[in-house]
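A.B. asks: Encoded as C-alpha cells, here's the structure I'll be asking about.
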C-alpha cells in the first residue's frame, strides 16, 4: 500500500505540470485564407460581380443628367438667339395704342404730328409699329419696328432718312425696305385704317409692295 501511494504522488505532479504548460502556450496563428477559398466559401466560383454596381451606375446616370439639363437649356437659349424674329399678326383690326395703351384718334394724331413724322404705337399683338404721318392723315401702312436680324427695336434717323439699327448696323429706307445688312429681310407691314375715328391696324396678307414678294411674316 505504501509503495502504491509513493508511485501515485509523482504521477499526479507530472500531470499537473503538463496541464499548466499547455495552459500558457500561445495559440498558433491561423494560416491566411486564400482568395479562392474565400470565394468558394461565399457560395461558388468568383466571377468579378460587384454587388453595388447597379447602384453606382444609377448614381452616375443621375449626376450626368443633372449636369446636362442646364447645359442643354443654355445651349438652346443661345441658338434661339440667332433665329430671326417672326412678326405676329392678328385676325382682325387692332386699335393703335399710346405708351399707356390708350386708343389714339386720328384727329389727335394729325394735330400733334408733322408730315413724314414717324412714331411708335402699340399695334398687332401689342408689338411696336411705326405710324407714318402725311400732311393731313397717315399712310395706309405701318411698319413693325423689330429688326429682322436679331430683334432689336430700330429707331428712325430723320437726318439720314433711314431706320438705322443700333445693334448691328442694319439699315432700312423710309418705307422699311432693307438696304443694308446683316438684316436679311425688310420690316414687316400692317395696314392702317380708322374705326370710329380711332386709328387701327390690320394684318397685311398680300404681297409686299416694296419687293413684290409674298410676306415673310405670319398673318
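Numbering (mature numbering (1 follows the signal peptide of the UniProt record, and there is no 0)), first residue to last: -23 to -1, 1 to 196. Backbone N, C-alpha and C fix where the C-beta goes; we use that ideal spot for every residue, glycine too.
Which runs of the beta strand (DSSP E) fall wholly inside the segment 133 to 176 and span at least 3 residues, in chain order?
C.D. replies: 139 to 141, 155 to 157, 166 to 172
A.B. asks: Given residue 170, which residues of its chain have a CB within under 7 Å of its CB, disregarding the five upstream and five downstream residues?
C.D. replies: 70, 177, 179
A.B. asks: Considering only the beta carbon of each residue, do residue 124 and residue 134 sit closer than 8 Å?
C.D. replies: no
A.B. asks: Once the 5 residues before and after residue 82 are set aside, which same chain residues still bring their CB inside 6 Å of it?
C.D. replies: 174, 175, listed in sequence order.
A.B. asks: Would you mind reading off the limits of the beta strand (DSSP E) that contains residue 199?
C.D. replies: Missing from the structure shown is residue 199; the chain here goes from -23 to 196 and no further.
A.B. asks: One question on the structure: do residue 111 and residue 154 come within less than 8 Å of each other, judged by their Cβ atoms?
C.D. replies: no
A.B. asks: Distance, Cα to Cα, residue 194 vs residue 130?
C.D. replies: 16 Å
A.B. asks: Is residue 72 helix, strand or coil when you go by DSSP?
C.D. replies: Looking at residue 72 - three-state DSSP - the assignment turns out to be strand.
A.B. asks: Identify the continuous alpha helix (DSSP H) that holds residue 83 and give its terminal residues.
C.D. replies: 83 to 89
A.B. asks: With DSSP as the reference, label residue 44 as helix, strand or coil.
C.D. replies: Of the three classes helix, strand and coil, the one that applies to residue 44 here is helix, per DSSP.
A.B. asks: DSSP has residue 119 in a bridge; who is on the other side?
C.D. replies: Answer is 167, bridged to residue 119.
A.B. asks: What did DSSP end up calling residue 35 once you bin it into helix, strand or coil?
C.D. replies: helix
A.B. asks: Considering residue 105, what are the terminal residues of the beta strand (DSSP E) in which it resides?
C.D. replies: 105 to 109
A.B. asks: One question on the structure: do residue 99 and residue 73 come within less than 8 Å of each other, judged by their Cβ atoms?
C.D. replies: yes
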